[in-house]
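Asker: So the sequence shown is numbered by the working numbering: it starts at 9 and just counts up by one.
Ideal placement from N, C-alpha and C gives every residue a C-beta, glycine not left out.
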Amino acid sequence: MALPPEFIEEVLPGADAAVMAEVAKVLEQSPQKPQPETQFTSTRDEAAAQVVELRVKSVVFGQVGETVKAIKPAGAYALREGNKGPFVLGKDDKGAVQILGRYGPDTWPEAQVREAAKKLGR
Numbered sequence: 009m010a011l012p013p014e015f016i017e018e019v020l021p022g023a024d025a026a027v028m029a030e031v032a033k034v035l036e037q038s039p040q041k042p043q044p045e046t047q048f049t050s051t052r053d054e055a056a057a058q059v060v061e062l063r064v065k066s067v068v069f070g071q072v073g074e075t076v077k078a079i080k081p082a083g084a085y086a087l088r089e090g091n092k093g094p095f096v097l098g099k100d101d102k103g104a105v106q107i108l109g110r111y112g113p114d115t116w117p118e119a120q121v122r123e124a125a126k127k128l129g130r
């Protein structure tokens, strides 16, 4: 069973930036983990980690350039060139830019991200 997306109000406090962007390139694709052998008809799939280049269309808050190299952690979705929407960005434990949120740019509509950022003074 899939987990529901986080509330935007839970994700934004840990974010360094939020942008409206499009995936320009998939720079790195980690190997996909093999499917475990099971007798269940449904298993929890996890898409491999990726490194992507985002082409920024507009900045909701934060300091970013026209393009951003970001890590998409292993999770319930995969990105491909042309995916667009709001991307909430933070830093991983090594300081690299990372996409936050369980389901990527389809999680929250732009208006919801902008409204939540405004409420939080971002």
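What is the C-beta distance between residue 87 and residue 61, in whole angstroms, given that I count them as a contact (C-beta under 8 Å)?
Answerer: Numbered from its first residue, the sequence shown carries residue 87 at position 79. Numbered from its first residue, the sequence shown carries residue 61 at position 53. With 8 Å as the limit, residue 87 and residue 61 do not qualify as a contact, their Cβ atoms being about 10 Å apart.
Asker: Using alpha carbons as the reference points, say which of 78, 123, 127 lies closest to residue 33.
Answerer: Taking the sequence shown and counting its residues from 1, one reaches residue 33 at position 25. The option with the nearest alpha carbon to residue 33 is 78.
Asker: Where does residue 21 sit, in a helix, a strand or coil, going by DSSP?
Answerer: As a working note, residue 21 is residue 13 in the sequence shown. Residue state, collapsed to three classes: helix.
Asker: So, helix, strand or coil for residue 119, using DSSP?
Answerer: The residue given as residue 119 occupies position 111 in the sequence shown. Residue state, collapsed to three classes: helix.
Asker: Does DSSP put residue 94 in a helix, a strand or coil?
Answerer: Indexing the sequence shown from 1 puts residue 94 at position 86. The answer is strand: DSSP assigns residue 94 an E or B state.
Asker: Tell me whether residue 57 sits in a helix, a strand or coil according to DSSP, three-state version.
Answerer: By one-based count along the sequence shown, residue 57 stands at place 49. Note: residue 57 maps to coil in three-state DSSP.
Asker: Roughly how many angstroms separate the alpha carbons of residue 23 and residue 99, rounded to a whole number?
Answerer: Within the sequence shown, residue 23 is the residue found at index 15, counting from 1. Within the sequence shown, residue 99 is the residue found at index 91, counting from 1. Note on geometry: alpha-carbon atoms of residue 23 and residue 99 lie some 8 Å from one another.
Asker: Suppose contacts are defined by Cβ-Cβ distances below 8 Å. Is residue 132 in contact with residue 129 by that definition?
Answerer: The question about residue 132 has no answer here: the residues shown for the chain are numbered 9 through 130.
Asker: Going along the chain, which residues of its own chain have a beta-carbon closer than 8 Å to the beta-carbon of residue 27, five neighbours each way excluded?
Answerer: Along the sequence shown, one-based indexing puts residue 27 at 19. Closer than 8 Å at the Cβ level, and outside the excluded window around residue 27, lie 62, 64, 65, 66, 67, 68, 70, 72, 76, 94, 95, 97.
Asker: Along the beta strand (DSSP E) that carries residue 77, what are the first and last residues, could you check?
Answerer: Residue mapping note: residue 77 aligns to position 69 of the sequence shown, counting from 1. Per DSSP, residue 77 belongs to the beta strand (DSSP E) from 75 to 80.
Asker: Measure the C-alpha to C-alpha separation of residue 20 and residue 106 and round it to an integer number of angstroms.
Answerer: Sequence index remark: in the sequence shown, residue 20 carries index 12 (1-based). Sequence index remark: in the sequence shown, residue 106 carries index 98 (1-based). Between residue 20 and residue 106, the C-alpha separation is close to 13 Å.
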